[in-house]
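Student: Got a structure for you, written out below as structure tokens; questions coming shortly.
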Amino acid sequence: MMEITVPEAAVRANRTQETIRRWIWSGRLASRKVGNQHVIDEAELARVIGDAEEARWQAYFERRDARLAGISEESRAQLAEIDVAAWINEDCDLH
Amino acid sequence: MTVVVDASALAAAASDGLLGPANTSHALIVARRGDGPVICTPRALSEALGAIRRTAHAGAVTVEEARLMLAALEDLPIEPITSRTVRARAFDLATEMGWARTYDAEHCALAESVGGRLLTCDLRLRRGAEGRLPYVVTPDEILAGG
Numbered sequence: 020m021m022e023i024t025v026p027e028a029a030v031r032a033n034r035t036q037e038t039i040r041r042w043i044w045s046g047r048l049a050s051r052k053v054g055n056q057h058v059i060d061e062a063e064l065a066r067v068i069g070d071a072e073e074a075r076w077q078a079y080f081e082r083r084d085a086r087l088a089g090i091s092e093e094s095r096a097q098l099a100e101i102d103v104a105a106w107i108n109e110d111c112d113l114h
Numbered sequence: 494m495t496v497v498v499d500a501s502a503l504a505a506a507a508s509d510g511l512l513g514p515a516n517t518s519h520a521l522i523v524a525r526r527g528d529g530p531v532i533c534t535p536r537a538l539s540e541a542l543g544a545i546r547r548t549a550h551a552g553a554v555t556v557e558e559a560r561l562m563l564a565a566l567e568d569l570p571i572e573p574i575t576s577r578t579v580r581a582r583a584f585d586l587a588t589e590m591g592w593a594r595t596y597d598a599e600h601c602a603l604a605e606s607v608g609g610r611l612l613t614c615d616l617r618l619r620r621g622a623e624g625r626l627p628y629v630v631t632p633d634e635i636l637a638g639g
């Protein structure tokens with residue numbers, strides 16, 4: 020088991036140290052005290068990061084679907100015929 | 494695993510659900526392998542914005558449809574990362590690869606710095622990376638188990 024400090028966990032999670040401490044205080048992230056600082060199991064951190072990222076993506080898909088709900092069936096059918104890969108690669112060739 | 498997206502993958506992800514066939518967002522979820530964040534360079538966001546604008550300017554989508562793609566781009570749970578170290582590495586990488594510009598090198602350098610994969614829909618970049626930059630992958634490769 021590899022343990023890391025809060026500053027190290029913040030870098031690993033791409034979050035602020037305050038967020039990591041909030042995860043600990045709320046019970047979302049397990050830690051143990053060594054002296055006056057918290058240390059966190061790497062695997063436990065990976066699990067919490069994974070859960071947080073999963074929730075962010077789920078929320079994103081729900082908001083996206085809500086935004087797209089107003090498009091008519093006719094427009095949807097026309098747009099679906101645009102090949103994203105072809106559009107992107109034509110655009111990449113432009114710059 | 495941390496996943497880096499370049500401008501082409503960002504633009505494609507922003508169009509998922511609107512243009513077809515949509516698979517970039519799905520590939521991003523799979524590429525993370527359940528535990529990594531998705532990040533990009535600040536420049537990738539600007540380049541993706543330009544790609545979306547150009548598709549509306551060319552008349553392929555309406556301005557309103559392009560605005561929906563822009564809303565998705567701004568809303569995607571992807572963090573832009575600014576790093577002086579990455580820019581320095583991008584310069585060296587572009588030199589090593591013989592690239593005149595550092596656009597692609599910045600995305601690659603960011604992926605290298607986090608030990609992650611670079612997801613791209615730019616087939617020219619993917620072909621150029623073949624055998625030299627193994628972390629550069631396309632959504633189709635990810636979804637095929639690569």
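For the protein sequence lines, the chains are G and X, in the order given.
Take the position in the first sequence, starting the count at 1, then add 19; the result is the number in this note's numbering.
Take the position in the second sequence, starting the count at 1, then add 493; the result is the number in this note's numbering.
Think of the CB as a built atom: it goes at the ideal place given N, C-alpha and C, for glycine as much as any other residue.
With DSSP run on the structure shown, which of helix, strand or coil describes X:Gly513?
Tutor: Strand.
Student: Residues in the same chain with beta-carbon distance under 7 angstroms from X:Thr595, minus the five sequence neighbours each way, listed in chain order, please.
Tutor: If we look at X:Thr595 and ignore the five residues flanking it on each side, its Cβ neighbours are Ala583, Phe584 and Ala587.
Student: Thinking X:Ala500 and X:Ser518 are a contact (beta carbons under 8 angstroms), I'd like their distance in whole angstroms, please.
Tutor: At roughly 16 angstroms, the Cβ-Cβ gap does not stay under 8 angstroms, so X:Ala500 and X:Ser518 are not in contact.
Student: Assuming X:Asp499 is part of the beta strand (DSSP E), what are its boundary residues?
Tutor: Element bounds for X:Asp499: n/a, residue is neither H nor E.
Student: Of the residues X:Leu626, X:Val630, X:Asp615 and X:Ser606, which one's Cα is nearest the Cα of G:Ala105?
Tutor: For the residues X:Leu626, X:Val630, X:Asp615 and X:Ser606, the minimum Cα distance to G:Ala105 belongs to X:Asp615.
Student: Should X:Ser539 be flagged as near chain G, meaning a C-beta pair shorter than 9 angstroms?
Tutor: Output row for X:Ser539: interface = no.
Student: Taking only three categories from DSSP, how would you classify X:Cys533?
Tutor: Three-state DSSP puts X:Cys533 in a strand.
Student: According to DSSP, what are the bridge partners of G:Val101?
Tutor: What sits at residue 101 of chain G in the sequence shown is Ile, not Val. BP columns for G:Ile101 are empty, so no partner.
Student: Just checking, does the stretch 66–77 of chain G make contact with the stretch 94–103 of chain G on the three C-beta pairs under 8 angstroms criterion?
Tutor: Result no; under three Cβ-Cβ pairs closer than 8 angstroms.
Student: Taking 9 angstroms as the threshold (beta carbon to beta carbon), is G:Ala29 in contact with chain X?
Tutor: Cβ-Cβ to chain X under 9 angstroms: no for G:Ala29.
Student: State the start and end residues of the unbroken alpha helix (DSSP H) segment that holds X:Thr578.
Tutor: From DSSP, the alpha helix (DSSP H) with X:Thr578 extends over Arg577 to Met590.
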